[in-house]
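A.B. asks:
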Amino acid sequence: MSETQTAEARAALDAVGQLPDDEIDLAATALQLARIDAPQCDWRAATMDLSLLARAAVDAATAAPAADGGDLAARRAVLAGVLHGEAGFAGDDQTYEDPANANLLQVLERRRGLPVAIGILWLHAAEAAGWPAHGLDFPGHFLLALEGQRGQLVVDVFGGGAALAAPELRALIKRVEGEKAELRPGVLAPMGRRAVLLRLQNNIKLRRLRVGDLAGALTCAEDMLRIAPGEAPLWREAGLMNQRLERIAAALTAFERFLAIQSDGPAAAKVRDIMAELRQRLN
1 MSETQTAEAR AALDAVGQLP DDEIDLAATA LQLARIDAPQ CDWRAATMDL SLLARAAVDA
61 ATAAPAADGG DLAARRAVLA GVLHGEAGFA GDDQTYEDPA NANLLQVLER RRGLPVAIGI
121 LWLHAAEAAG WPAHGLDFPG HFLLALEGQR GQLVVDVFGG GAALAAPELR ALIKRVEGEK
181 AELRPGVLAP MGRRAVLLRL QNNIKLRRLR VGDLAGALTC AEDMLRIAPG EAPLWREAGL
241 MNQRLERIAA ALTAFERFLA IQSDGPAAAK VRDIMAELRQ RLN
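Residue numbers (UniProt numbering): 1 to 283.
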């Protein structure tokens with residue numbers, strides 16, 4: 001991708017950062033994030049793929065009266081048929097740590113991805129069909145909920161769109177956190193669109209940190225801040241990464257943004273101490 005195209009993508013992310021959460025186009029924003037990280041991929045073709053996926057969801061919904069009438073089990077079956085059946089998407093449990101699994105452009109090309117990446121495609125298709133749905137902040141494993149008048153149906157998008165009731169959820173949290181883990185309040189907390197995008201990008205950031213690519217992780221964090229400029233912990237993290245990279249002025253700027261959002265508490269006090277030390281180094 002040329003510098004102009006990268007600038008265009010980042011300008012689009014800056015615009016998303018100013019939108020209310022419910023106005024964010026989840027899949028389109030994920031494509032802009034992916035466009036920066038995978039310039040070799042054809043993002044225009046991917047945009048067309050998303051349109052075709054939405055059209056398929058609409059057609060399938062129209063052909064399923066029970067689903068269109070509010071039957072959540074029927075809606076789950078329709079979306080699973082479109083995404084995992086017709087389109088062939090699946091969770092990648094063979095090369096799970098591959099960063100491509102969190103890049104929506106590459107997910108669309110490979111038809112494989114992480115739970116949150118596949119989940120974004122589910123949310124995109126559900127919205128096209130006119131069916132309310134949202135992400136769930138389940139520990140270590142992104143889930144999705146289809147919403148109905150009498151409650152919600154939890155879906156494991158990584159597992160082919162299987163419905164999960166309490167026994168399956170309990171087994172899943174034990175698999176993620178260990179045998180002593182149990183279901184608790186908050187494990188099925190709904191996620192906003194911005195939070196889903198941050199969870200997607202956090203996978204890339206963490207993978208870069210694991211291989212020692214601090215500069216790449218910082219770039220990822222900076223793009224995350226474009227869509228979520230009010231995310232105080234992320235400003236603090238960007239400040240710490242800039243500090244480690246000896247980018248003192250950038251570190252101070254990030255810490256100042258953190259304090260503008262979160263001025264009280266132990267973390268704020270620690271940041272002030274770090275800033276005092278960094279300013280001494282500038283003198």
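A virtual CB, placed ideally from N, CA and C, is assigned to each residue, including glycine.
1) State the start and end residues of the unbroken alpha helix (DSSP H) segment that holds A232.
2) Could you check what DSSP says for G159 in three-state terms: helix, strand or coil?
3) Below 8 Å, how does it come out for the region 116-129 and the region 193-202: are there three or more Cβ pairs, yes or no?
4) Which same chain residues, not among the five before or five after G140, have their C-beta less than 6 Å away from its C-beta?
5) Who are the Cβ neighbours of A171 in its own chain at under 7 Å, not counting the five residues just before and after it?
6) Is G88 close to chain C, meaning its C-beta is less than 7 Å from at least one C-beta of that chain?
7) Applying the criterion that 16 or more other CB atoms from any shown protein chain within 10 Å of the CB defines a buried residue, is R112 buried or exposed?
8) Pairing CB atoms from the region 272-279 with CB atoms from the region 251-263, are three or more of them under 8 Å?
9) Note the first and the last residue of the continuous beta strand (DSSP E) segment covering N222.
10) Closer than 7 Å by C-beta to K174: which residues in its own chain qualify, once you throw out the five before and the five after it? Chain order, please.
11) Looking only at DSSP bridge pairs, what is M191 linked to?
12) How many Å lie between A269 and A232 at the Cα?
13) Identify which residue in N101, V82, A125, R236 has its Cα closest to the Cα of residue 296.
14) Per DSSP, what kind of secondary structure is R257 in: helix, strand or coil?
15) How close, in whole Å, do the beta carbons of L33 and D264 come, if the pair is a contact with beta carbons under 8 Å?
16) Quick check on the DSSP output: the alpha helix (DSSP H) that includes E277 runs from which residue to which?
17) Just mark A128 as buried or exposed, buried being the case when its beta carbon has 16 or more other beta carbons within 10 Å.
18) Rounded to a whole number of angstroms, what is the C-alpha to C-alpha distance between V157 and L144?
19) Where does E97 fall in DSSP's three states?
20) Run the CB neighbour count on R184, radius 10 Å, all protein chains shown included, and call it buried at 16 or more, exposed below.
21) P229 and G17 - do their beta-carbons sit closer together than 7 Å?
22) Pick helix, strand or coil for G130, following the three-state DSSP scheme.
23) Please classify D49: is it buried, with 16 or more other beta-carbons within 10 angstroms of its beta-carbon, or exposed?
24) Output the distance between the C-alpha atoms of A56 and M191, rounded to the nearest integer angstrom.
25) Given W131, which residues of its chain have a CB within under 6 Å of its CB, disregarding the five upstream and five downstream residues?
26) Taking 8 Å as the limit between beta carbons, can you name the residues of its chain near D92, skipping five residues before and five after?
C.D. replies: Inspection of the coordinates gives the following:
1) 232-244
2) Under the three-state reduction of DSSP output, G159 falls in the helix class.
3) The answer is yes - the region 193-202 touches the region 116-129, with three or more Cβ pairs under 8 Å.
4) V176
5) none
6) Absent from the structure: chain C. Only one protein chain is present.
7) buried
8) Touching, yes, given that three or more Cβ pairs across the two stretches are closer than 8 Å.
9) A small fix is needed here, since residue 222 is Glu in this sequence, not Asn. Note, E222: premise wrong, no beta strand (DSSP E); alpha helix (DSSP H) at 214-227.
10) A181
11) DSSP output for M191 lists G135 as bridge partner(s).
12) 14 Å
13) Beyond the ends of the chain as shown, which are 1 and 283, falls residue 296; an answer cannot be given.
14) helix
15) That pair is no contact at about 32 Å.
16) Taken as a continuous stretch (DSSP letters only), the alpha helix (DSSP H) holding E277 covers 266-282.
17) Classification for A128: buried.
18) The straight-line gap separating the alpha-carbon atoms of V157 and L144 is approximately 7 Å.
19) coil
20) Exposed.
21) yes
22) If DSSP states are grouped into helix, strand and coil, G130 belongs with coil.
23) buried
24) 25 Å
25) The beta carbon of W131 sits closer than 6 Å to the beta carbons of R75 from its chain, once the five residues preceding and following it are set aside; these are given in chain order.
26) D98, N101, R110, R112, G113, L114
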